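Note sheet for the following structure.
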Amino acid sequence: MVQIKALAAAAVILCPVLAESMYMKSSPVLQIDHKNYDKLIAKSNYTSIVEFYAPWCGHCKNLKPAYEKAAKNLAGLAQVAAVNCDDEDNKPLCGQMGVQGFPTLKVVRPGKKRPVVEDYQGARSAKAIVDAVVEKIPNHVKRVGDKDLDGFLEEKTAKAILFTEKGTTSALLRALAIDFLGSVQFAQIRNKEKKAVDKFGVEKFPTLVLLPGGDKEALVYDGELKKDPMVEFISQVAAPNPNPATAKPDSKKAKTKDSKEAKKEKADKKEDKEPTGKVFAGKLTRISPDKKPAPETEAQKPMEVKEEKPLIGVLEAEGHLTGACLTTKSHNCILTFVPAKTGEELTGDAKTALDSLTDVLKKHKKGGHRTFPSFQVPADNKASAKLRKDLGLKDDKVEIVVTNAKKGWWKHYTKDEFSAKSVEDWIDSVRMGEGKKEKLPKDVVVEAIKIEEDAGKPKVVRKSSTAEVVVEEEPKKEKAKEDPDHDEL
Ligand SMILES: *[C@@H]1O[C@H](CO)[C@@H](O)[C@H](O)[C@H]1NC(C)=O
1 MVQIKALAAA AVILCPVLAE SMYMKSSPVL QIDHKNYDKL IAKSNYTSIV EFYAPWCGHC
61 KNLKPAYEKA AKNLAGLAQV AAVNCDDEDN KPLCGQMGVQ GFPTLKVVRP GKKRPVVEDY
121 QGARSAKAIV DAVVEKIPNH VKRVGDKDLD GFLEEKTAKA ILFTEKGTTS ALLRALAIDF
181 LGSVQFAQIR NKEKKAVDKF GVEKFPTLVL LPGGDKEALV YDGELKKDPM VEFISQVAAP
241 NPNPATAKPD SKKAKTKDSK EAKKEKADKK EDKEPTGKVF AGKLTRISPD KKPAPETEAQ
301 KPMEVKEEKP LIGVLEAEGH LTGACLTTKS HNCILTFVPA KTGEELTGDA KTALDSLTDV
361 LKKHKKGGHR TFPSFQVPAD NKASAKLRKD LGLKDDKVEI VVTNAKKGWW KHYTKDEFSA
421 KSVEDWIDSV RMGEGKKEKL PKDVVVEAIK IEEDAGKPKV VRKSSTAEVV VEEEPKKEKA
481 KEDPDHDEL
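Going by full-length UniProt numbering, the first residue of the sequence shown is number 1, and it counts up by one from there.
This is the structure we're talking about:
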């Protein structure tokens, strides 16, 4: 009783259960400790600001509202984290980081060999923190001009090009490039580069053009310039790198309905939110219908999934399965093996499983989240029996797996029941990078088919960008406001 009174008097934290940490579970501040510091901060491709604090420290408490505001505004752009140095287990970490007083703020960003750590000594306001951190977001975006355009286009990788009037690179574009580091090369071309602008028929600025690679037609994004739908758009050509740091607390937040804030956040982030803008508009026109389905088209199968089509495709032929999910270029794929043959009506577990999965995908899509390409594998697909055997799955049961052939792993849904909740929890955990990874047997994965590059003449399917929001190239707070995860500053 005395203790509770003392706490109340000190106006520390109203919820005694959480008295240890200064931040609520639902806080946008990423709470880290000695165990996950390395994984979430030191090894991240993102820049982070880390607050080392003690819950009893007055300046720490004073900083809290501004720090949380900064966290909201930097969501998707950089990580805002906190370590409780009052926790015995964290003390060695705080010591190593040279923390001598509270709060100590450090900006940590990826370096060549090890992360670069710098003290933050600016003003303790949300705006000052946001500005300082935005400035340190790594820039993997190439500036390309008419002179080096051809050379750039010759590179075989998938590319995302922002045509813009600005000379600086926005925090949003830099953050997107980090999400797709290693799989999509980002570039920025100014409106002054006549040859490039003409080549792609760009009429408005900014315009984001996606080149899937090979002779695939270019895609033009005409949704809002916000991170989530843009990630989803670009995910057509490559899966973004999983980000354990932002994903994990989100999932916990979403599951913890213990505060207003968490609920609101859940509503915002998950199911209830109307999709913002014409998110998929650029997606629908990429493969000319009269083109023969060459093997490379199969390899790109996941990208063909159109909005009107069912969310879960059916892989009838062996080659489709391989092409869609099992080449050295295939990213995450959700495969549901069913006992039924092609065209047969699904019953029992198979029906439940696919209904559940469809619900989950719909939900994600509606919330503007990216979804993994998802397929049903009927029993008469020649590759089905073999793959089941290779993965050690029963041959007559419904089985759901997520494969990532590029990285050589797969994950297994091991429950016997396929309720929407169980399936959703599992998919969420996979999205967060959780769950046991099994190794894909070597001969299951095939070398991705090389595609003849016709980079000299990219075909632009859609020319206009109807985006009305102008990308703020200067990393200012207004920029941050445009992000869907942000509240107003
Ligand atoms: C960081 O980027 C590399 C590519 O350079 C990628 O392979 C890796 O998965 C990324 N790491 C994280 C944690 O996203």
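The beta-carbon is built from N, C-alpha and C at its ideal position, and this holds for glycine as well. All values derive from a computational prediction rather than experimental measurement.
Quick check on the DSSP output: the alpha helix (DSSP H) that includes residue i runs from which residue to which?
i: S235; result: Looking at the DSSP string, S235 is not in any alpha helix (DSSP H), and its letter there is neither H nor E.
i: D349; result: 348-366
i: K69; result: 58-74
i: E154; result: 149-154
i: H320; result: 318-325
i: E345; result: First-last for E345: undefined, no H or E at that position.
Less than 8 Å between the CB atoms is what I'm expecting for residue i and residue j, so what's the real figure, rounded?
i: L210; j: V237; result: 6 Å
i: I334; j: I400; result: 7 Å
i: V83; j: L74; result: Wrong, their Cβ atoms sit about 17 Å apart, outside the cutoff.
i: K397; j: E438; result: The Cβ separation is near 17 Å, so there is no contact.
i: L326; j: V445; result: 6 Å
i: A385; j: L440; result: Rounded, the Cβ-Cβ distance is 17 Å, inconsistent with contact.
i: K113; j: D146; result: Not a contact, Cβ separation roughly 36 Å.
i: C85; j: V108; result: C85 to V108, Cβ: 16 Å. No contact.
i: Q185; j: K166; result: So it is not a contact: roughly 19 Å between Cβ atoms.
i: Q188; j: T157; result: About 16 Å separates the two Cβ atoms, so there is no contact after all.
i: F102; j: Y53; result: 5 Å
Quick one: give me the first and last residue of the beta strand (DSSP E) that residue i is part of.
i: K161; result: One detail in the question is off: residue 161 reads as Ile in this sequence, not Lys. Start and end: 158-164.
i: G313; result: 312-314
i: C333; result: 332-337
i: R143; result: 142-144
i: D396; result: From DSSP, D396 is part of no beta strand (DSSP E); its letter is neither H nor E.
i: I137; result: From DSSP, I137 is part of no beta strand (DSSP E); its letter is neither H nor E.
i: K444; result: Per the sequence presented here, residue 444 reads as Val, with Lys not at that position. First-last for V444: undefined, no H or E at that position.
i: E224; result: E224 -> no beta strand (DSSP E), and no H or E assigned at all.
i: K423; result: One detail in the question is off: residue 423 reads as Val in this sequence, not Lys. First-last for V423: 420-431, but that is the alpha helix (DSSP H), not the beta strand (DSSP E).
i: F375; result: 374-377
i: K411; result: 409-413
i: A123; result: Where A123 is concerned, there is no enclosing beta strand (DSSP E), given that its DSSP letter is neither H nor E.
i: N84; result: 79-84
How about residue i and residue j: are their beta carbons less than 9 Å apart?
i: K227; j: L162; result: no
i: V220; j: L173; result: no
i: A71; j: S27; result: yes
i: E316; j: T342; result: yes
i: S183; j: A132; result: no
i: E447; j: S356; result: no
i: N45; j: N241; result: yes
i: N90; j: D179; result: no
i: D87; j: K106; result: no
i: Y43; j: P115; result: The sequence given here has Lys at residue 43, not Tyr. Contact flag set, yes.
i: A353; j: F418; result: yes
i: V360; j: A420; result: yes
i: A20; j: T104; result: Just to set this straight, residue 20 is Glu in the shown sequence, not Ala. Their beta carbons are not under 9 Å apart, which means E20 does not touch T104 by this criterion.
Using a Cβ-Cβ cut-off of 9 Å, state whether residue i counts as contacting chain B.
i: F375; result: Among the protein chains of the structure shown there is no chain B, as only one such chain exists.
Q.
Quick check for students: name the residue ranges of the beta strand (DSSP E) that lie wholly in the segment 90-114, counting only runs of 3 or more.
A. Correct list: 104-109.
Q. So, do the segment 120-136 and the segment 60-67 have three or more beta carbon pairs nearer to each other than 8 Å?
A. yes
Q) Would you call the segment 115-123 and the segment 145-162 touching, i.e. three or more CB-CB distances under 8 Å? A) no
Q. Pairing CB atoms from the segment 370-378 with CB atoms from the segment 407-421, are three or more of them under 8 Å?
A. no
Q: Note down, one range per segment and in chain order, each beta strand (DSSP E) of at least 3 residues found wholly within the segment 180-218.
A: 184-190, 207-211
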